[in-house]
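A.B. asks: Numbering of the sequence shown is given in the working numbering, commencing with residue 595 and proceeding in unit increments.
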Amino acid sequence: MARRLDYSARYPLHTTKEVYAALTNRDYWEARMVEMRKYSPNEVVSINASEDGIDVVLHHILPREMLPEIAQSVMRKDMVITRKESYGAFGPEVEGKYSASIPAGPGSLTGTMRLFPTDTGCTMRISSDAKVFIPMVGPRLEQLMLVNLVDLFRAEAEVTQKWLDEQKTGN
Numbered sequence: 595m596a597r598r599l600d601y602s603a604r605y606p607l608h609t610t611k612e613v614y615a616a617l618t619n620r621d622y623w624e625a626r627m628v629e630m631r632k633y634s635p636n637e638v639v640s641i642n643a644s645e646d647g648i649d650v651v652l653h654h655i656l657p658r659e660m661l662p663e664i665a666q667s668v669m670r671k672d673m674v675i676t677r678k679e680s681y682g683a684f685g686p687e688v689e690g691k692y693s694a695s696i697p698a699g700p701g702s703l704t705g706t707m708r709l710f711p712t713d714t715g716c717t718m719r720i721s722s723d724a725k726v727f728i729p730m731v732g733p734r735l736e737q738l739m740l741v742n743l744v745d746l747f748r749a750e751a752e753v754t755q756k757w758l759d760e761q762k763t764g765n
């Protein structure tokens with residue numbers, strides 16, 4: 595049985611248009627990677643933005659020695675996570691989806707994203723599903739994935755907030 599997590603990043607004083615514009619901008623994605631590289635090697639593989647929407651591919655690389663012991667028992671090399679995000683065309687609300695995969699990985703991580711206006715700005719709501727297909731340890735690994743996702747989403751939201759603030763002030 596998959597485990598589920600919902601996370602909301604709130605951007606007070608920023609509109610859905612401003613957040614969406616950031617998502618189309620390679621400089622924004624590179625700023626996110628600079629922050630993530632403090633923890634492990636990460637890179638923007640591709641970003642394609644058009645009037646039809648946005649597609650982004652990222653690599654998160656976790657050295658094996660950084661993995662929890664339970665994950666090291668399954669992974670024999672560094673873990674390369676390919677994360678794909680796609681967002682629909684800009685509108686009052688924007689819907690998207692993401693997936694994260696590991697070659698020959700024993701599970702899946704998928705989710706949906708929804709960017710919508712609020713009274714004070716806007717919110718990006720991310721709903722994630724983690725599933726690990728290993729008897730006995732699967733539920734523990736799923737929970738571990740979701741706990742780490744909260745940290746990742748929180749760090750990404752902080753970078754996004756900072757980047758949006760800098761765009762507004764021209765710094």
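Positions of the beta carbon are idealized from the N, C-alpha and C atoms, including for glycine.
This structure is a prediction, so every number in the text was calculated from the model and none was measured.
(1) Tell me where the beta strand (DSSP E) around F710 begins and ends.
(2) Return the CA-CA distance between E679 and V668, expressed in angstroms with no decimal places.
(3) For W757, which option in T610, R626, R604 has the closest C-alpha, if you only look at C-alpha atoms?
(4) In whole angstroms, what is the alpha-carbon distance linking A751 and A603?
(5) Is the region 608 to 615 touching the region 680 to 695 in the sense that three or more CB pairs, one from each, lie closer than 8 Å?
(6) Considering Cα atoms alone, identify which of T714, S640, V628 is closest to T618.
(7) Cβ of G647 within 7 Å of Cβ of A683?
(8) For V744, which residues of its own chain have a beta-carbon under 8 Å away from its beta-carbon, when the five flanking residues on both sides are left out?
(9) So, with DSSP's three-state summary, where would you put A724?
(10) Roughly how far, in whole angstroms, is the beta-carbon of V726 from the beta-carbon of G701, given that I think they are within contact range, below 8 Å?
(11) For the candidate residues P606, R658, R620, whose alpha-carbon lies nearest to that of S634?
(12) Output the distance between the C-alpha atoms of P733 and A724, rounded to the nearest integer angstrom.
(13) Are N636 and H654 close, meaning C-beta to C-beta below 7 Å?
(14) Run the proximity test for Q761: is its beta-carbon closer than 6 Å to any non-hydrogen atom belonging to the ligand GDP?
(15) Let me know the beta strand (DSSP E) ranges lying completely inside the region 637 to 666, each 3 residues or longer, listed in chain order.
C.D. replies: Concretely, from the data shown:
(1) Boundaries of the beta strand (DSSP E) around F710: 701 to 711.
(2) Each residue's Cα considered, the two are about 26 Å apart.
(3) Of the listed residues, the one whose Cα sits closest to W757 is R626.
(4) A751 and A603 have their alpha carbons spaced roughly 6 Å apart.
(5) By the C-beta criterion, the region 680 to 695 is judged to be in contact with the region 608 to 615, since at least 3 inter-stretch pairs fall below 8 Å.
(6) Of the candidates T714, S640, V628, the one whose C-alpha sits nearest the C-alpha of T618 is S640.
(7) With respect to A683, G647 sits close: the two C-beta atoms are nearer than 7 Å.
(8) Hits under 8 Å: L599, Y601.
(9) Strand.
(10) Contact holds; Cβ gap of about 4 Å.
(11) For the residues P606, R658, R620, the minimum Cα distance to S634 belongs to R658.
(12) One C-alpha to the other measures close to 9 Å.
(13) In contact: N636 and H654 (Cβ atoms closer than 7 Å).
(14) Ligands displayed in this structure: none; no statement on the ligand GDP is therefore possible.
(15) For the region 637 to 666, the continuous beta strand (DSSP E) assignments of 3+ residues that do not extend past its boundaries occur at 647 to 656, in sequence order.
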